[in-house]
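Residue numbers for the sequence shown follow my numbering, so the first one is 4 and each next one is one higher. Just so it is clear, CB atoms sit at the ideal spot from N, CA and C, and this is done for glycine as well.
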Amino acid sequence: MKFYTNQHRIVYALFFLISFIGISQENKTQNDTIKKATKELPLEPERTISFTTEKGTWISLDVSPDGKTIVFDLIGDIYTIPIAGGNATQITKGMAYDVHPRYSPDGKSLVFISDKSGSDNIWTLDLSTKEDKQITKEKKHNFYSAEWTPDGEYIVGSKGRGSIKLHVYHKESGSGSQLFDKPEDVKAIDPAISPDGKLLYFSRRKGSWDYNAQLPQYQIGTYDMEDGDVDIITSRYGSAFTPTLSNDGNWLVYGSRFEDETGLMLRNLKTGKERWLAYPVQRDEQESIAPLGVLPAMSFTPDSKNLIASYGGKIYKISLENNAATEIPFKVDVKLNLGPRLDFKYPIKDDKNALVTQIRDAKPSPDGSKLAFTALNRLYLMNLPNGTPKRLTTNNFTEAQPTWSPDGKYIVYTTWKQGGGHLFKVNIEGRPKPIQLTKESGIYTKPSWSYRSNRIAFHKGSAQVYDDAINPFSNGVQEDLVWIPAAGGDIKMIDKTKGRQNPHFTKVDDRIYLTSNKKGLISIRWDGSDEKQHLELTGITTYGFRDSSGKDDHHHVMDACFALLSKQYGAANKNASRPSEIQISPDGKTALAQINNDIYTVIIPRYGKTPSISLAKADQAAFPAMKLTVMGGEFPSWSTDSKKIHWSLGASHFRYDIAAGKKFADSLAAAKKKEKELKKTEKKSDSTKTDDKEKKKEPKFEAQEFKVKVTYEKDTPKGNLLLKGGRLITMNGSEVIENGDILVENNRIKAIGVSGSLTVPSNTKTIDVSGKTLVPGFIDTHAHMRPTWGIHKNQAWTYSANLAYGVTTTRDPQTGTTDVLTYSDMVEAGTLHGPRIYSTGPGVGFWQYQIESLDHAKDVLKQYSHYYNTKSIKMYMVGNRQQRQWIIMAAKELKLIPTTEGALNFKLNMTQLLDGYPGHEHSLPIYPIYKDVVKTIADSKMALTPTLLVSYGGPWAENYYYSRENVWGDQKIQYFTPYEELARKSRRRPGWFMDEEHVFKKHAEFMKDLVEAGGLAGVGSHGQLQGLGFHWELWSVGSGGMKDHDALKVATILGAQALGLDNDLGSLEKGKLADILILAKNPLENIRNTNTLTRVIKNGRVYNADTLDEVWPKEQKAEVFHWQTKKPKGIPGIKK
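Set out below in structure tokens:
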């Protein structure tokens, strides 16, 4: 480990600045070259996909005023064809995603939506000069579509981040104006203006979308351009959307749903009479975000006699007179630029030992010489800086949240085991022997030892409630704030917590300081009285949005990933982030704050009222403040002398010297001032000026880092095992061995082949699998399994359920917290039953970040590559196109595989595809999907996990299974699922839909086409029903005509390839890990036979699939979950 003195840091900073001032002309030329390559879309394309197509997916079009030309978009580029059809001429190209072109009234220009500025904006294009012009200058908003006013002077566009509103702009310049703002929750898109310019038609709905939606969702609204009146002109059950007006002002065409399909309705605006014009057409997007309109844009011919529309992948002319549809053929030579392919491999090593990935709750001793922390949910102590960590106890249950006595002789910590936990104290000298302080069991958290009284304050909750908690969100019972004498004894009540947490103390008074969710830093007396508010803090404004009620969006992400998008989400976020934790320093002068995942310090001013301070730019705060973290941090704490801040990240601990950091900052400021003065004295021509954005990354003072190395032994069985005489569906190509053997040595496949052909050692255990079918262990590429957070339990029922149903490897693409790192280590150490636990860790999400540059993106992602060792990340709508490109550029450099959030947003999905993102979560919200998109996704090798149990664009597939299967009557699912969970989901629930209303089979048709085209895909159960949900998802993926063998590929080898694990997992081949499932029936005859498991083999260890009792190499019973023994039996009651 290297340590740099403060002098070294200051010299480095000065050298950096002086060398930058003296830049040579040669370097200036290089910078100019870089500048040209680093435009608003900084990602350099590294691949090209070319093909010719006569079909397209979701084509928006318009007809020129002279009736001779059709302009349309196709997968992010704009083309034209003659009105009669023919070969397409490309109008725009490049990495920008250009959509929704509309001709100006004079036919000389186009208006369209493009992200070429790095974010969605309205642009115009002069068709004669090919010069484009940016009309709007947005960075955080999205634009859905835009339309000219009839005079050609103004443009009306749909803008927003969810609750989209209509805005009007002049074609020359200006910031424009919102047309109406009430009702606030109205989403207004698809603008169309009457030929006389008096009435604006649009698609309107309340909120942004609904899951499992009931119709109607949209109606046609109007806005009077003269008096501002807003009205609704339809009331159809199937909704009404995408209004399209004829040039003579007589006709209105709009889309509506009839039964399960979409059609076009024609209204005579003079008489009000309506009739169907075409049915069925393109499936509408009324059940998702509809970023390209609820239907693709259509257009009348100039004579108002025909409608030109796209559906079925084609373009048609539909006669208003007789409803006759004539195809307008087109052929497009597509050439797409794509970002880099991130195809990293992550070998699974057979090392005997491994280092823990995470330390938790680390606290320095009062003298700063030692560090107490937990790893693998056990209490450790080490000497700083390079001591060997040692356990302080021999307990075999959860130990957590250590805190020191003021004299440094004792550590107090909490525990948990089934039935309840306690507060313990241990003397760190001699041979430590823990002393139980509490008398009754409970869930005890956040202990803190007072400096001035020999008391320990902490939170106390119900042991029963926490014991019964089935996930991190189910323990919502009010806790008490209490204290106990340091020697133990009776617990004394202080007050209810009331949203106040993290009790701590100063040396200058004997008050209890707390973080309040609403008030910031507060304090109370020991009897709970005299609450005082000391400090309010805010941080950055993230890229996230707030919902239409104005409430702050998801700064504390605690739910499944689809819930991160409120169905009512609306305006771009204007609310600054709030701290999750504030701690006053022991000397009472300064506070540390954790905001999102960064750590700050700020002086606490006292001037007669509560100071409210923004730390968004800490160096410019109203009072002295500093941002301490570069990559982020967790578990912050003060040193006892108030001179240092400690925090952890992964298995590293950091110590920040506040005085040294301030000295460095002062020196840097002085150097900058000197640089500025030197520049004033130099005469520079314009050609040598440098863009501030092109400057090198500014040096920063960084905390000292200590690598904490705790070693554990990996759980690897010993011995030889022969699986003899089964049908082997190997997933090695199309290979199926009808009568085969597999020889397992320890945890890997030693040999595989026709039965009787293997050389078998004499000391081999044989299991007869004749009549059975063997397949590789299943891989769930989107598995939310969320065990408890903070205080960890010693069992994770979600893990056990998945393993019992044959899921031997999981990847959770958004864990919300870093607790998963410890759980993953515990599974690998054999202290928890479970699949192999991979994850992205907490999502790189819109609720937490405002990515400012490529360097900033690298800093953020280093958390995952250098500390969490996740191997992948979830890029969760973290910003505009420019910011998303920075993320993938950083991921490439750091060798991370990023996956992305689908977000019910087809346009977002396509830009992420073109940027080269190698993973996509959730189904594409639209269907059908044609060659252009299928081939692009397949050739790009973006792995798509559709999570059809929570289908986009229609009812969730899980409703299909719950309403058609006897889930409650399944004894195995009852065995592995808590009563509360299963009863809530299967005994009474909403969500019955007719078969044809379900969309998962339509999405599955696309999955079939994708896999047959050579694409990558995965099965992701989304945590909807642990264990059995994987099989539901697999069956759903296969329901669109996919071959059963291909469906098994998606569940195994393709999923392994998507995660970069296919060298070790995903198929039954020599040298691969022994993850093997033994099925009673053949899934190639019926894919539902995947749920006929008799044995699950994970890492060479054999389990009974019904109980998880180990069969080999040991024979031992699995630990029983408490709900399996709590059924009301043998007690008084009504005799039936």
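Open item on the list: Among the candidates Gln-181, Lys-185, Ser-176, Leu-169, whose CA atom is the shortest distance from the CA of Phe-205?
Closed with: Ranking the options by Cα distance to Phe-205, first place goes to Leu-169.
Open item on the list: Determine whether the beta carbon atoms of Pro-838 and Val-810 lie at a separation below 8 angstroms.
Closed with: Yes, they are a contact pair.
Task: 8 angstroms Cβ cutoff met for Leu-218 and Tyr-240 - done: For Leu-218 and Tyr-240, yes; Cβs fall inside 8 angstroms.
Open item on the list: Check whether the stretch 660-679 and the stretch 880-898 are in contact - that is, three or more C-beta pairs closer than 8 angstroms.
Closed with: Output reads no: the stretch 880-898 does not touch the stretch 660-679.
- [ ] Determine, using beta carbons only, whether Glu-150 and Pro-198 come nearer to each other than 8 angstroms.
- [x] Result no, Cβ atoms of Glu-150 and Pro-198 do not sit closer than 8 angstroms.
Open item on the list: With DSSP as the reference, identify every bridge partner of Glu-330, one or two as the case may be.
Closed with: Residue pairing from DSSP places Glu-330 in a beta bridge opposite Tyr-319.
Task: Alpha carbon of Lys-1139 to alpha carbon of Lys-1132, nearest angstrom - done: Straight-line Cα distance between these residues: approximately 14 angstroms.
- [ ] Would you check if the distance between the CB atom of Lys-796 and the CB atom of Thr-225 is smaller than 8 angstroms?
- [x] A distance of 8 angstroms or more separates the beta carbons of Lys-796 and Thr-225.
Open item on the list: Is it buried or exposed, Gln-361, if we count other Cβ atoms within 10 angstroms and call 16 or more buried?
Closed with: Buried, because 16 or more other Cβ atoms sit within 10 Å of the Cβ of Gln-361.
- [ ] Figure out for me which residue from Lys-1005, Ala-1061, Gln-974 has the closest Cα to the Cα of Gly-1017.
- [x] Measuring from the Cα of Gly-1017, the nearest candidate turns out to be Ala-1061.
- [ ] Starting from the N-terminal side, write out each stretch of the beta strand (DSSP E) that is 3 residues or longer and does not extend beyond the stretch 436-471.
- [x] Fully contained in the stretch 436-471 are the following beta strand (DSSP E) runs of length 3 or more, in chain order: 446-452, 458-464.
Task: Neighbourhood of Phe-508 by C-beta, 6 angstroms cutoff - its chain only, sequence neighbours within 5 removed - done: Within the same chain, Phe-508 has close Cβ partners Ser-453, Tyr-454.
- [ ] Consult DSSP for Asp-1221 and reduce its assignment to one of helix, strand or coil.
- [x] Residue 1221 lies beyond the residue range present for the chain, which begins at 4 and ends at 1139; the question has no answer from this structure.
- [ ] Have a look at the DSSP bridge pairing and note the partners of Trp-151.
- [x] Per DSSP, the beta bridge partners of Trp-151 are Ile-158.
Task: Check: Gly-165 C-beta below 7 angstroms from any heavy atom of the ligand ADP - done: Absence of the ligand ADP from the depicted structure is noted, as is the absence of any ligand whatsoever, leaving it without description.
- [ ] Using alpha carbons as the reference points, say which of Glu-156, Ser-211, Lys-143 lies closest to Ser-166.
- [x] Comparing alpha-carbon positions, the option among Glu-156, Ser-211, Lys-143 lying closest to Ser-166 turns out to be Ser-211.
- [ ] Answer with buried or exposed for Trp-995, where buried requires no fewer than 16 other C-beta atoms within 10 angstroms of its C-beta.
- [x] By the Cβ neighbour-count rule, Trp-995 is exposed, with fewer than 16 other Cβ atoms within 10 Å of its own.
TODO: Return the Cβ separation of Ser-1149 and Asn-735 in integer angstroms, given the expectation that the two are a contact with Cβ distance under 8 angstroms.
DONE: Since the first and last residues shown for the chain are 4 and 1139, residue 1149 lies out of range.
Task: Rounded straight-line distance, which links the Cα of Ile-598 to that of Gly-591 - done: Cα to Cα, Gly-591 sits roughly 20 angstroms from Ile-598.
- [ ] With a 10 Å radius around its C-beta and 16 neighbouring C-beta atoms as the bar for buried, classify Ala-566 as buried or exposed.
- [x] Reliability of the predicted coordinates at Ala-566 is poor, the pLDDT of 40 falling under 50, and the value obtained from them is presented with this limitation in mind. It counts as exposed.
- [ ] Could you have a look at Ala-1077 and say whether DSSP puts it in helix, strand or coil?
- [x] Three-state result, Ala-1077: coil.
Open item on the list: Quick check on DSSP: helix, strand or coil for Asn-90?
Closed with: Of the three classes helix, strand and coil, the one that applies to Asn-90 here is strand, per DSSP.
Open item on the list: Using C-beta distances below 6 angstroms, list every residue in its chain close to Asn-872, excluding the 5 sequence neighbours before and after it, in chain order.
Closed with: These residues qualify, in order along the chain: Thr-360.
Open item on the list: Considering only DSSP beta bridges, list what Ser-875 is partnered with.
Closed with: Ser-875 is bridged to Ile-900.
Open item on the list: Once DSSP output is grouped into helix, strand and coil, what is the label at Ala-706?
Closed with: Coil.
TODO: Assign Gly-177 to buried or exposed, taking buried as 16 or more other Cβ atoms, counted over all protein chains shown, within 10 Å of its Cβ.
DONE: By the 10 Å Cβ count, Gly-177 comes out exposed.
Task: Status (buried if at least 16 other CB within 10 Å, exposed otherwise) for Gly-502 - done: When all chains shown are included, Gly-502 counts as exposed.
Task: Residue from Ile-515, Gly-542, Tyr-546 with nearest C-alpha to Asp-533 - done: When each option's Cα is compared against that of Asp-533, the closest is Ile-515.
- [ ] Below 8 angstroms CB to CB, which residues in the same chain sit around Ser-372 once its five sequence neighbours on both sides are set aside?
- [x] Only residues of its own chain outside the window of five on either side were considered, and among them Asn-386, Leu-387 have a CB closer than 8 angstroms to the CB of Ser-372, listed in chain order.
Task: Residue closest to Ile-431, alpha-carbon to alpha-carbon, out of Leu-484, Ala-375, Glu-443 - done: Looking at the Cα atoms, Ala-375 is the closest of the given residues.
Task: Under the three-state DSSP convention, the category Ile-527 falls into - done: DSSP, read as helix, strand or coil, puts Ile-527 in strand.
TODO: Report yes if the C-beta distance between Tyr-546 and Gln-853 is below 8 angstroms; otherwise report no.
DONE: Contact: yes.
Task: Three-state class that DSSP yields for Ala-99 in the structure shown - done: Here Ala-99 sits in coil by DSSP.
TODO: Per DSSP, which residues does His-1034 bridge with? Please list them.
DONE: According to DSSP, residue pairing for His-1034 in a beta bridge does not occur.
TODO: Compute the Euclidean distance between the alpha carbons of Gly-956 and Ser-180, then round it to the nearest angstrom.
DONE: Their Cα atoms are separated by approximately 32 angstroms.
Task: Delimiting residues of the alpha helix (DSSP H) encompassing Ser-827 - done: For Ser-827, the enclosing alpha helix (DSSP H) covers residues 822-832.
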